[in-house]
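Q: 457 is the number that numbering that gives the first Met the number 0 gives the last residue of the sequence shown; the numbers go up by one with no jumps.
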Amino acid sequence: MKYAFPDNFWWGSASSALQTEGAREGETTWDYWFAREPNRFHNGVGPQQTSAFYQHWKTDIQLLKQLNHNSFRTSISWARLIPDGIGEVNPEAVDFYNQVIDELNEQGITPFMTLFHFDMPMAMQEIGGWENRDVVEAYARYAQICFELFGDRVLHWFTFNEPIVPVEGGYLYDFHYPNVVDFRRAATVAYHTVLAHAKAVQAYRAGHYAGEIGIVLNLTPSYPRSQNPADVKAAHIADLMFNRSFLDPVLRGEYPADLVALLKAYDQLPACKPEDSALIAEGKIDLLGVNYYQPRRVKCRDSAVNPQAPFMPEWFFDNYEMPGRKMNPYRGWEIYAPGIYDILVNLRDNYGNPRCFISENGMGVENEQRFIENGQINDQYRIEFISEHLSWLHKGISEGCNCLGYHMWTFIDNWSWCNAYKNRYGFIQLDLETQQRTMKKSGEWFAATALNNSFEKE
Ligand code: BGP
Numbered sequence: 000m001k002y003a004f005p006d007n008f009w010w011g012s013a014s015s016a017l018q019t020e021g022a023r024e025g026e027t028t029w030d031y032w033f034a035r036e037p038n039r040f041h042n043g044v045g046p047q048q049t050s051a052f053y054q055h056w057k058t059d060i061q062l063l064k065q066l067n068h069n070s071f072r073t074s075i076s077w078a079r080l081i082p083d084g085i086g087e088v089n090p091e092a093v094d095f096y097n098q099v100i101d102e103l104n105e106q107g108i109t110p111f112m113t114l115f116h117f118d119m120p121m122a123m124q125e126i127g128g129w130e131n132r133d134v135v136e137a138y139a140r141y142a143q144i145c146f147e148l149f150g151d152r153v154l155h156w157f158t159f160n161e162p163i164v165p166v167e168g169g170y171l172y173d174f175h176y177p178n179v180v181d182f183r184r185a186a187t188v189a190y191h192t193v194l195a196h197a198k199a200v201q202a203y204r205a206g207h208y209a210g211e212i213g214i215v216l217n218l219t220p221s222y223p224r225s226q227n228p229a230d231v232k233a234a235h236i237a238d239l240m241f242n243r244s245f246l247d248p249v250l251r252g253e254y255p256a257d258l259v260a261l262l263k264a265y266d267q268l269p270a271c272k273p274e275d276s277a278l279i280a281e282g283k284i285d286l287l288g289v290n291y292y293q294p295r296r297v298k299c300r301d302s303a304v305n306p307q308a309p310f311m312p313e314w315f316f317d318n319y320e321m322p323g324r325k326m327n328p329y330r331g332w333e334i335y336a337p338g339i340y341d342i343l344v345n346l347r348d349n350y351g352n353p354r355c356f357i358s359e360n361g362m363g364v365e366n367e368q369r370f371i372e373n374g375q376i377n378d379q380y381r382i383e384f385i386s387e388h389l390s391w392l393h394k395g396i397s398e399g400c401n402c403l404g405y406h407m408w409t410f411i412d413n414w415s416w417c418n419a420y421k422n423r424y425g426f427i428q429l430d431l432e433t434q435q436r437t438m439k440k441s442g443e444w445f446a447a448t449a450l451n452n453s454f455e456k457e
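(1) With H, G and I counted as helix, E and B as strand and the rest as coil, what does DSSP make of Thr187?
(2) I'd like to confirm the pairing. Which residues does DSSP put opposite Asn110 in its beta bridges?
(3) Nearer than 6 Å: is that true of the beta carbon of Gly363 relative to any heavy atom of the ligand BGP?
(4) Say the cut is 6 Å; is the CB of Ser50 nearer than that to a heavy atom of the ligand BGP?
(5) Given that a residue counts as buried once 16 or more other Cβ atoms are within 10 Å of its Cβ, and exposed if not, what is Pro248?
(6) Going by other Cβ atoms of all chains shown within 10 Å of its Cβ, with 16 needed for buried, is Tyr89 buried or exposed?
(7) For Arg423 versus Val364, is the C-beta spacing smaller than 7 Å?
(8) In whole angstroms, give me the CA-to-CA distance for Asn352 and Leu286.
(9) My understanding is that Asp181 touches Pro309, with C-beta atoms under 8 Å, so please give their C-beta distance in whole angstroms.
(10) At which residue ranges does the segment 171 to 249 contain complete alpha helix (DSSP H) runs of 4 or more residues, listed in the order of the chain?
(11) For the alpha helix (DSSP H) that Met0 lies in, which residues bound it at each end?
(12) When the Cβ atoms of the segment 404 to 420 are set against those of the segment 44 to 53, are three or more pairs found closer than 8 Å?
(13) Identify every residue that forms a DSSP beta bridge with Ala13.
(14) Just to confirm, are Thr113 and Asn160 a CB contact at a threshold of 7 Å?
(15) Return yes when the Cβ of Pro162 is within less than 7 Å of the Cβ of Gly169, no when it is not.
(16) To which residues of the same chain is Ile75 closer than 7 Å at the C-beta, ignoring the five residues directly before and after it?
(17) Taking the Cβ atom as the reference point for each residue, do Ser12 and Met362 lie within a distance shorter than 7 Å?
(18) Tell me where the alpha helix (DSSP H) around Lys456 begins and ends.
(19) Val297 lies in the beta strand (DSSP E); which residues open and close that run?
(20) Please state whether the Cβ-Cβ distance between Ile81 and Tyr138 is less than 7 Å.
(21) Out of Arg39, Phe52 and Tyr31, point me to the one whose CA is closest to Arg436's CA.
(22) Quick one: residues in its chain with C-beta nearer than 7 Å to the C-beta of Ile376, no 5 flanking neighbours on either side, listed in chain order?
(23) Is the beta carbon of Lys64 less than 7 Å from the beta carbon of Gln106?
(24) Helix, strand or coil, according to DSSP, for Asn318 in the structure here?
(25) Nearest to Glu455 by alpha carbon, out of Asp430, Gly425 and His393?
(26) State yes or no: is the C-beta of Trp509 nearer than 6 Å to some heavy atom of the ligand BGP?
(27) What does a CB cutoff of less than 7 Å around Met321 pick up in its chain, not counting 5 residues either side in sequence?
(28) With DSSP as the reference, label Gly168 as helix, strand or coil.
(29) Where do the N-terminal and C-terminal ends of the beta strand (DSSP E) with Arg381 fall, by residue?
(30) Apply the 10 Å Cβ neighbour rule to Leu250 and answer buried if 16 or more other Cβ atoms are within range, or exposed otherwise.
(31) Let me know the secondary structure DSSP gives Met121 once reduced to three states.
(32) Classify Met240: buried if its beta carbon has 16 or more other beta carbons within 10 angstroms, exposed otherwise.
(33) Using 8 Å as the cut-off, can you tell me whether the segment 326 to 344 makes contact with the segment 375 to 390, which would need three or more C-beta pairs spanning the two stretches below that distance?
(34) Name the DSSP beta bridge partners of Val289, please?
(35) Return the CA-CA distance between Phe40 and Trp32, expressed in angstroms with no decimal places.
(36) My output table needs one value for Thr28: the three-state DSSP class, helix, strand or coil.
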């Protein structure tokens with residue numbers, strides 16, 4: 000069967016500043032944490048060892064061209080642009096981002112820009128990071144500076160990438176700095192991130208820029224083990240905490256009442272100011288980026304909660320390992336392509352069918368060298384992964400979902416936080432030592448699909 004996509008469908012990929020650029024003046028939480036605990040990073044590889052986009056941006060944009068991208072998302076590094084977070088703008092960073100943006104536009108690749116992709120300037124973390132409202136103000140100033148500098152040529156802005164992840168990683172599950180485990184502090188971080196988002200949207204509207212502004216959320220559909228009310232409730236609470244804690248404020252301009260009631264009942268609500276609700280209401284977006292990697296399967300808890308244990312989302316559910324689920328064993332994530340369709344249908348039916356696109360989807364695989372044939376990685380598994388997901392996305396579009404494009408994570412193998420280079424995601428293979436770049440089979444497949452605006456699958 001042939002799957003054809005609408006005209007002007009966005010074909011491309013996503014990356015982020017910290018994961019690709021390399022050497023930089025302003026320190027981030029990642030540089031700080033890596034210097035102190037390199038053992039927390041796979042094979043002790045830190046955020047300075049990258050594909051060096053800061054040097055290779057011109058040739059890398061040529062590679063995007065070869066992949067037939069018509070759009071590409073990356074992020075601006077707050078710490079590169081304003082090394083201490085609040086002070087002077089670094090003119091070299093301005094030159095760099097200007098060159099990248101101009102080259103992308105010249106090559107017919109529409110730049111999509113994220114303002115914050117997990118890379119908190121250390122100077123801002125030192126004063127409390129997202130727990131401190133002064134950081135919200137500093138971020139709003141940074142966002143405004145970016146709009147003023149680049150807003151004439153960047154027409155698609157994203158305030159945050161996956162804002163729930165620094166909340167989970169930094170304040171609940173110990174996989175991002177500052178390695179805190181404290182739900183109330185996590186809730187404050189999440190809340191202030193929503194305020195920061197809304198302030199950036201406000202600044203963007205006030206500047207009357209030509210483009211649009213949105214956010215990128217990792218939506219993990221919550222599937223209950225069964226229709227038993229206890230399982231359904233468990234899935235509902237997981238959905239409230241991990242999806243709707245950001246989805247509702249940015250699309251509806253307010254938090255779900257039952258999420259607020261739940262946190263209130265457990266005395267976990269962050270401190271709110273009376274003017275906050277009006278601000279949150281102003282944070283409604285024009286465009287939603289959806290990152291989709293895996294579903295979340297849950298069941299009701301089998302055991303009682305230890306009342307002495309720290310309050311956690313898992314007080315309300317257990318993770319459910321569905322027998323026979325298809326796994327990506329390297330990343331430990333379930334592969335479930337219909338999830339992409341369920342997300343789109345939920346957005347259509349419950350959120351007014353917003354303009355959206357798949358902003359990340361992908362499959363990280365370990366030791367891909369074993370698949371080299373005649374010098375090229377033959378990553379058939381990735382082609383299958385993409386075509387499966389695209390066929391479900393296609394079904395969503397054919398049923399009226401307002402999905403405008405599909406971006407893969409990512410164009411070149413890159414540094415993946417604590418996993419460093421363990422799992423590779425790229426269309427292009429990176430030899431970290433020699434910096435040599437080689438197109439994988441999936442890159443050729445994607446280039447052909449983007450060119451034809453369609454693909455064939457049984
Ligand atoms: C997303 C992030 C990316 C990227 C990707 C792959 O959550 O937006 O930055 O890294 O996931 O995940 P990981 O690197 O954890 O394997």
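Each residue gets a CB set at the ideal place from its N, CA and C atoms; glycine is no exception.
Since the structure is predicted, the reported quantities are computational estimates derived from the model, not experimental observations.
A: According to the data block:
(1) helix
(2) Correcting the residue type first, residue 110 is Pro in the shown sequence and not Asn. Beta-bridge pairing links Pro110 to Phe71.
(3) yes
(4) no
(5) buried
(6) The question names Tyr, but residue 89 in the sequence shown is Asn. When all chains shown are included, Asn89 counts as buried.
(7) yes
(8) 11 Å
(9) 7 Å
(10) 182 to 205 and 228 to 238
(11) Careful: Met0 lies outside any alpha helix (DSSP H) and carries neither H nor E.
(12) yes
(13) Arg72 and Trp408
(14) yes
(15) no
(16) Ala16, Tyr96, Met112, Leu114 and Cys145
(17) no
(18) First-last for Lys456: undefined, no H or E at that position.
(19) Arg295 to Lys298
(20) no
(21) Phe52
(22) Glu367, Phe370, Gln428, Lys439 and Lys440
(23) yes
(24) strand
(25) His393
(26) The chain is shown from 0 up to 457; residue 509 falls before or after that span and cannot be answered.
(27) Arg296
(28) helix
(29) First-last for Arg381: Gln379 to Ser397, but that is the alpha helix (DSSP H), not the beta strand (DSSP E).
(30) buried
(31) helix
(32) buried
(33) yes
(34) Leu216 and Ile357
(35) 10 Å
(36) helix
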